[in-house]
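Quick note on numbering: the sequence shown equals residues 552 to 632 in the numbering used here.
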Amino acid sequence: AFIFKDDIAPGLRYEMELIKIFTSSESEFQKVEVIETYFGKTLITDGKTQSAELDEFAYHESLVHPSLFRCASTGNPPKSV
């Protein structure tokens, strides 16, 4: 089995089974990978985890709720898309 390693901080590293590599590409600016691990589909840029299916809600909540609260406080309902 292949192991995905993510150095979080000095002395702290996640290691888990790499289940699948969906894509891996590199430009002159960054390397981007989408892989599957214990956390589900995971976006990696330059070797660092950006987000994963398992904890996606944390990113979603912090991005969406402030806008919804702003709409509610001004009396302008959010638009449907």
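Glycine included, every Cβ here is placed at the ideal spot set by N, Cα and C.
Here the structure is a predicted model, which means the values were calculated and not measured.
Item, Value
"Who are the near neighbours of LYS556 in its chain, counting only those whose CB is closer than 8 Å to its CB and skipping five residues on each side?", "ARG564, TYR565 and GLU566"
"Please state whether DSSP places GLU568 in a helix, a strand or coil.", "strand"
"For LYS571 and GLU587, which I take to be in contact (beta-carbon distance under 8 Å), what is that distance rounded to the nearest angstrom?", "4 Å"
"Mind reading off the beta-carbon distance from SER618 to TYR610? Whole number of angstroms is fine, and I expect it under 8 Å.", "Not quite, the Cβ-Cβ distance comes to about 14 Å (not below 8 Å), so this is no contact."
"Nearest by alpha-carbon distance to GLU568: which of THR625, ARG621 and LYS592 is it?", "LYS592"
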